[in-house]
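Every number in this note's numbering is 4 more than the matching position in the sequence shown, counting from 1.
Reading through the structure tokens given below for one structure.
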Amino acid sequence: MGHAVAGARPGEKQLRVGSAATGGAIPAEASGLGHDRTCRGGSAMIRRRHGSPLQQAGVAVITALLVVTIATILAVEIAWNTNLDLRRTAGVMAYDQAREYAHFGESVAIGELERLLQEKQYYDRSTDQQARRGLSIAQDDKSLAGGFSDLQGRFNLNNLVTRQGKPDELVVKQYRRLIEAVASLNPELQVGPAEIEIIVGSTVDWIDPDSTADFNGAEDDFYTSEAEPYRAANGWFTSVSELRAVRGVTPEIYEALKPQLAALPVGSQHTLINFNTASVPVLMSLGDNVSLENASRWQEDSLKKPVEDVQLVAEGLIDPAMVPYIGYTSSYFEVTGFVSIGSNRLDMYSLLEWNGQVASVRLRRFGVVETSGQEDPALEISGDATGEFSVGQQRE
């Protein structure tokens, strides 16, 4: 039996403390026994969960290193992007400035061309040589050089096909003679009759609108079977450089032909060859019997006195059917300009057309310019070529 706890108030339930024998032991929770043990166990668990002070310090160091690393990466990225933006902006500004310089050079060339043509009313070999001296202007780290030259002293590739899309057989024969003349003047090319026929036929096929290859020619079925396939233009040449894609034209042949060729705009009629500015190979292409000696003499004579009637000097060597294709002045000219600003360089090519009163720009390209290949000191931006010259001053 349990005993009543002493001091219990009347009316309250008496808490009896049982003996061990009767099973009336007071629970440890009620008596407060074991409380300190429980608290000590909880503290140990907390310490195990958060680690020792040394471990906490290591985590803090690693966290700090990660933060510093991320901040460094972000700073480098921002600096790199800023530098790229600055360089990009500087490049755009330099390009825009170079374009303005190039436009200025073009306007100077147009003014000079108009002055020469208005004074002489024709364009001969002496005028062309004068124009080829060109202009060169230099100031600080900026330089501009360039000049203009006649394009009708060359063979116009677009004359090979009529405006109706049919080969002009007379011009095709002239083209064949031109390649033969260039091959004879450059024997290292080793171009034989078979190779010449392939080039001639393939050039005509490059222009004509149909997809049927002519004899010795080439159309899409040939070009699409190449290692790097492409298609024939089946349209007019817009640049002489297209000839590099024509079957049979090797890089060596192209470089030899390039100074003799032009790709002029297509009008209602074929463009005439200016006899007074034509090169020796182009003069040799005017007839089957025109020799190197004949062409060289005509060139020298036209420098002294421009020819006004080719039949008076042709000595019966020029094909009579070619006479309607020959003229004595020019309407198409090229302007080449080279601008250098610091380490930046911009090249410009413009095609000009003279209508008898003013010269207008028909085509303008920026970037890599392919010049005619003829020596022109005004186009060299190095050494004395960038000496100071005032606009309009001739170089001796």
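We treat Cβ as the ideally placed atom computed from N, Cα and C, and that holds for glycine.
Note that the structure is predicted; figures quoted are calculated from it, not measured.
task = Measure the C-alpha to C-alpha separation of histidine 274 and aspartate 89 and round it to an integer number of angstroms.
result = Straight-line spacing of the CA atoms in histidine 274 and aspartate 89 works out to 50 angstroms.
Rounded C-alpha distance that separates alanine 266 from serine 243 = Taking the CA atoms as reference points, alanine 266 sits about 8 angstroms from serine 243.
key: CB-CB length for proline 213 against glycine 169, believed under 8 angstroms   = Yes, they are in contact, since the Cβ atoms of proline 213 and glycine 169 sit about 5 angstroms apart, within 8 angstroms.
task = Go through its chain and collect everything with a Cβ distance to valine 343's Cβ below 6 angstroms, but skip five positions before and after it.
result = Within its own chain, the residues whose Cβ lies closer than 6 angstroms to the Cβ of valine 343, once the five positions on either side in sequence are excluded, are Ala102, Tyr105, Ala106, Leu148 and Leu350, listed in chain order.
inquiry  = I'd like to confirm the pairing. Which residues does DSSP put opposite lysine 340 in its beta bridges?
reply    = The residue you asked about is not lysine; residue 340 is threonine in the sequence shown. Under DSSP, the beta-bridge partners assigned to threonine 340 are Gly151 and Tyr353.
DSSP beta-bridge partners of alanine 142 = As DSSP reads the structure, alanine 142 sits in a beta bridge with Ser147.
message = Buried or exposed for lysine 262, going by 16 or more other Cβ atoms inside 10 Å?
response = Buried, since its Cβ has 16 or more Cβ neighbours within 10 Å.
query = Are the CB atoms of glutamine 264 and proline 285 nearer to each other than 8 angstroms?
reply = Yes, these two residues count as a Cβ contact at 8 angstroms.
query = Is there contact between the stretch 276–283 and the stretch 251–261, where contact requires at least three CB pairs shorter than 8 angstroms?
reply = Result no; under three Cβ-Cβ pairs closer than 8 angstroms.
inquiry  = As a quick exercise: from Met326, Leu367, Ser306 and Leu121, pick the residue whose alpha carbon is nearest that of arginine 129.
reply    = Looking at the Cα atoms, Ser306 is the closest of the given residues.
ask   = How should tyrosine 336 be labelled, buried or exposed, when 16 other C-beta atoms within 10 angstroms of its C-beta is the threshold for buried?
value = Here tyrosine 336 is buried: its Cβ has 16 or more other Cβ atoms, across all protein chains shown, within 10 Å.
task = Give the straight-line distance between the Cα atoms of aspartate 172 and tyrosine 329, rounded to the nearest whole angstrom.
result = Using only the alpha carbons, I get a separation of about 12 angstroms.
message = Please classify asparagine 163 as buried or exposed, where buried requires at least 16 neighbouring CB atoms within 10 angstroms.
response = Burial call: buried.
request  = Look at the alpha carbon of glycine 252 and the alpha carbon of threonine 166, and state the distance between them as a whole number of angstroms.
outcome  = Going by the C-alpha atoms only, they are around 23 angstroms apart.
query = From arginine 248 to methionine 97, what does the alpha carbon distance come to, in whole angstroms?
reply = Computed Cα separation, rounded: 34 angstroms.
query = Excluding sequence positions up to five away, which residues of its chain have a Cβ less than 6 angstroms from the Cβ of lysine 177?
reply = Counting only residues of its own chain and dropping the five nearest sequence neighbours on each side, lysine 177 has no CB closer than 6 angstroms to any other CB.
message = Less than 8 angstroms between the beta carbons of leucine 174 and phenylalanine 152, yes or no?
response = With respect to phenylalanine 152, leucine 174 sits apart: the two C-beta atoms are not nearer than 8 angstroms.
ask   = Is proline 310 helix, strand or coil when you go by DSSP?
value = DSSP places proline 310 in the coil class of the three-state scheme, outside both helix and strand.
query = Would you call the CB atoms of isoleucine 114 and leucine 296 closer than 8 angstroms?
reply = Cβ atoms of isoleucine 114 and leucine 296: not closer than 8 angstroms.
inquiry  = What does the alpha-carbon distance come out to for the pair proline 255 and isoleucine 203?
reply    = The straight-line gap separating the alpha-carbon atoms of proline 255 and isoleucine 203 is approximately 13 angstroms.
query = Ordered along the chain, which non-local residues of its own chain (more than five positions away) have a Cβ less than 6 angstroms from that of lysine 146?
reply = If we look at lysine 146 and ignore the five residues flanking it on each side, its Cβ neighbours are Ile345.
task = Rank Gln122, Thr207 and Leu182 by C-alpha distance to the C-alpha of asparagine 220 and give the top, closest one.
result = Looking only at Gln122, Thr207 and Leu182, the smallest Cα-Cα distance to asparagine 220 is reached by Thr207.
Simplified DSSP state of proline 191, which is helix, strand or coil = Secondary structure at proline 191: helix, using DSSP grouped into helix, strand and coil.
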